[in-house]
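See structure below.
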Amino acid sequence: MNTSKLKVERRTAVLIAVMVALMLCLGLLGLCYGASWASPGEVFAVLTGADRSVVISDWRLPRVLAGLVFGAALGVAGAIFQNLTRNPMGSPDVIGLDAGAYTGALVAITVLSGTSAQLATGSVTGGLAVAAAIYLLAYQRGFSGLRLVVIGIAVNAMMTAVNSWIVLRAELEVAIAAVGWSAGSLNGVSWDDLTIPFALIAVLLILMTTRAHAMHQASLGDAVATATGVGLNRLRLLMVLVGVGCTATVTAVAGPIAFIALAAPQIGRRLAGAAGVPLLPAALTGAVLLQGADLLAQMLLAPVALPVGVVSTAIGGCYLIWLLTKEVRRA
Amino acid sequence: MTARLTARDITLRYGDRVVSTRLSLDVPDGAFTAIVGPNACGKSTLLRALVRLMRPEAGQVELDGRAVGDYAPKTLAKQLGFLPQDPLAPEDIKVRQLVSRGRFPHQSLLALWSPEDEEAVTEAMAAAGVEDLAGRPVQELSGGQRQRVWIAMVLAQRTPYLLLDEPTSFLDITHQYQLLGLLARLRDEGRTVIAVLHDINQACRFADHLVAMRDGRVVAEGVPGDIVDAALIKDVFDLPSVIVPDPVTGTPMIVPTLQGE
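Top to bottom, those sequences are chains A and B.
Just so we're aligned, residue 1 is where the first sequence starts under my numbering, counting upward by one.
Just so we're aligned, residue 1001 is where the second sequence starts under my numbering, counting upward by one.
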């Protein structure tokens, strides 16, 4: 009688093992690959401290870690907003939170001096402002997920226009830098860019882990969730803060990387055979997707490295079209 | 009659629409209370207020003399189990997983799944007759099966109170009587049952305590055999009728005399 439960858990456990193995493989490949190929043996020697290589430890390693950690953060942010909106299209990149965070970051670069603290503050502020605006526009005595998504798509279009306008008015050097970054890119990230974002993401993910059980309970609808003891208001506030925090932190460093947050939670959910949109499969799938997409971005037109956002958009765009047709048919 | 759960002079409103003004109700302990009344008379709203899904504008709902809003969410959820009319099943959830969600108030970060949870879920599934469905996806079930699964989820919560909003809607007549029989059995086992019911004859047959509402007010309440007469049915439903004893149980049975226009 208990077998169904055990079977599901075993499937999730297998998925976790496979995903972690994939992350390690893609990570290793990322450390080996570059202008000159390093063998896995050389990479291990550098990682264990037996050998030294600036290319591997200071160029490739931060980039690989950023791919994995940011991918997980985007996957979690996507799962959070898909739970909040109860809609598979309700992810931060679709409803304009990435674009809003990017607006904040652009203001930090063009108006202020663009230090990493200003970038982070700017993008978090931008993300939160857009989240608040969507919430206010969509609120009509309680809120429906679909209305929120539709308004979010409109807000996304507006913020993208605002971003183009800011870039057009900026000085040439700033504009060129901003455009390269606007697709979402991990090109040239260094340790200096990553320490604070990694710490922030760790705090946010730990916070969310403590409330994951309540978030899954909330997928039973407001009435059942409240009646079984979920404090919905506090839970929702925390979910918005963690979701926007993760999205904005990634955007501050790498620009708006689209479609990872949209696709990872749904792919992870299907692979895990899990109910609702759970967090852990979303995080693992996000990490694998972003690291995989970044490797592709480096290899496709080598030696020119594409922004990873170009690859994720190309893959994710196809997924979005499929999702849209499915959703339209359902509605 | 003792009543741990009471509404004291509560005023309920949705936006501009006042549903009830200064409504009071004592829910008798250990009894099956049925709330009946015409559409939009405020019966579901009253139920939502009792389980603190709705906050009264004035007055308060109390459990053991303390406002329900003052309880920690999980503490209250160990007392009051509630099944709304339109619960949402997450995509791809299996029957046993859904029933397990009823254990939420008994779990914490450090005690995620205990043998007691296991036992409560198994027992609830047996009581609702859904053991055979354990591994089936909820979205593939029929309306009647799905309703029994949700009942099992609320039973797994193991609360002394069960509040249900029109639990028999979407069920065929056989399943309606089976469900009401299940609720009566749970009452016999010591739980307090409060259900909003559409069918007044079913309410008269199964309930110990009938609450008749209209326009947000309680028009009459008491043992069905004591309070139900043609005048009450006229007052509450605007329906001319004769009342005859139910041939099976002897409880009041309403036979409308209205024949079309």
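We put the CB at the ideal spot given by N, CA and C, even for glycine.
None of these values were measured; they are calculated from a predicted model.
Query: Contacting positions in the region 1077-1096 of chain B - beta carbon closer than 9 angstroms to chain A; Result: Ala1077, Lys1078, Leu1080, Gly1081, Phe1082, Leu1083, Pro1084, Gln1085, Asp1086, Pro1087, Leu1088, Ala1089, Pro1090, Glu1091, Asp1092, Ile1093, Lys1094, Val1095, Arg1096
Query: Exposed unless 16 or more other CB atoms sit within 10 angstroms - verdict on threonine 1002(B); Result: exposed
Query: Partner residues on chain A for leucine 1053(B), Cβ-Cβ distance less than 9 angstroms; Result: Asp222, Ala223, Thr226, Ala227
Query: Cβ of valine 76(A) within 8 angstroms of any chain B Cβ; Result: no
Query: Distance between threonine 103(A) and leucine 204(A) (C-alpha atoms, nearest Å); Result: 22 angstroms
Query: 6 angstroms CB neighbourhood of glycine 127(A) in its chain, flanking five on each side removed; Result: Leu97, Gly100, Ala101, Val244, Thr247, Ala248
Query: Against chain A: residues of the region 1059-1073 of chain B by CB proximity under 9 angstroms; Result: Ala1072, Pro1073
Query: Proline 62(A) - DSSP class collapsed to helix/strand/coil; Result: helix
Query: Residues near serine 4(A) by beta carbon distance below 6 angstroms, same chain, minus five either side; Result: Only weak support is given to the placement of serine 4(A): the predicted model assigns it a pLDDT of 41, under 50, and the value that follows is read from those uncertain coordinates. Closer than 6 angstroms at Cβ, skipping near neighbours: no residue.
Query: Cβ contact (3+ pairs, closer than 8 angstroms) linking the region 73-83 of chain A and the region 41-54 of chain A; Result: no
Query: Where alanine 90(A) falls, given that 16 or more other Cβ within 10 Å makes a residue buried; Result: The sequence shown places glycine at residue 90(A), not alanine. Label assigned to glycine 90(A): buried.
Query: Given 8 angstroms, three or more beta-carbon pairs between the region 64-77 of chain A and the region 222-239 of chain A; Result: no
Query: Residue-level contact to chain B via CB, glycine 338(A), 8 angstroms cutoff; Result: Past the boundaries of the shown model lies residue 338(A); chain A is included only from 1 to 331, so the question cannot be answered.
Query: Members of the region 270-295 of chain A that neighbour chain B once the beta carbon cut-off is set at 9 angstroms; Result: Arg270, Gly273, Ala274, Ala275, Gly276, Val277
Query: Interface flag, leucine 1013(B) vs chain A, CB-CB below 8 angstroms; Result: According to the sequence shown, residue 1013(B) is arginine rather than leucine. Cβ-Cβ to chain A under 8 angstroms: no for arginine 1013(B).
Query: Extent of the continuous beta strand (DSSP E) run through arginine 1217(B); Result: 1217-1222
Query: Neighbour list for glutamine 1157(B) in chain A, Cβ cutoff strictly below 7 angstroms; Result: Thr228
Query: Segments of 4+ residues assigned as alpha helix (DSSP H) that fall wholly inside the region 247-316 of chain A; Result: 260-272, 279-300
Query: Those runs of the alpha helix (DSSP H) which lie wholly inside the region 24-68 of chain A and span at least 4 residues; Result: 40-47
Query: Collapsed DSSP secondary structure at serine 190(A) in the structure displayed; Result: coil
Query: Partners in chain B for threonine 210(A), counting only beta-carbon separations shorter than 9 angstroms; Result: Leu1109
Query: Chain B within 8 angstroms of serine 91(A), Cβ atoms only; Result: no
Query: Given 8 angstroms, three or more beta-carbon pairs between the region 1207-1224 of chain B and the region 1030-1045 of chain B; Result: yes
Query: With 16 other Cβ atoms within 10 Å as the buried cut-off, status of tyrosine 1161(B); Result: buried
Query: Chain A contact for phenylalanine 1104(B) (CB, 8 angstroms cutoff); Result: yes
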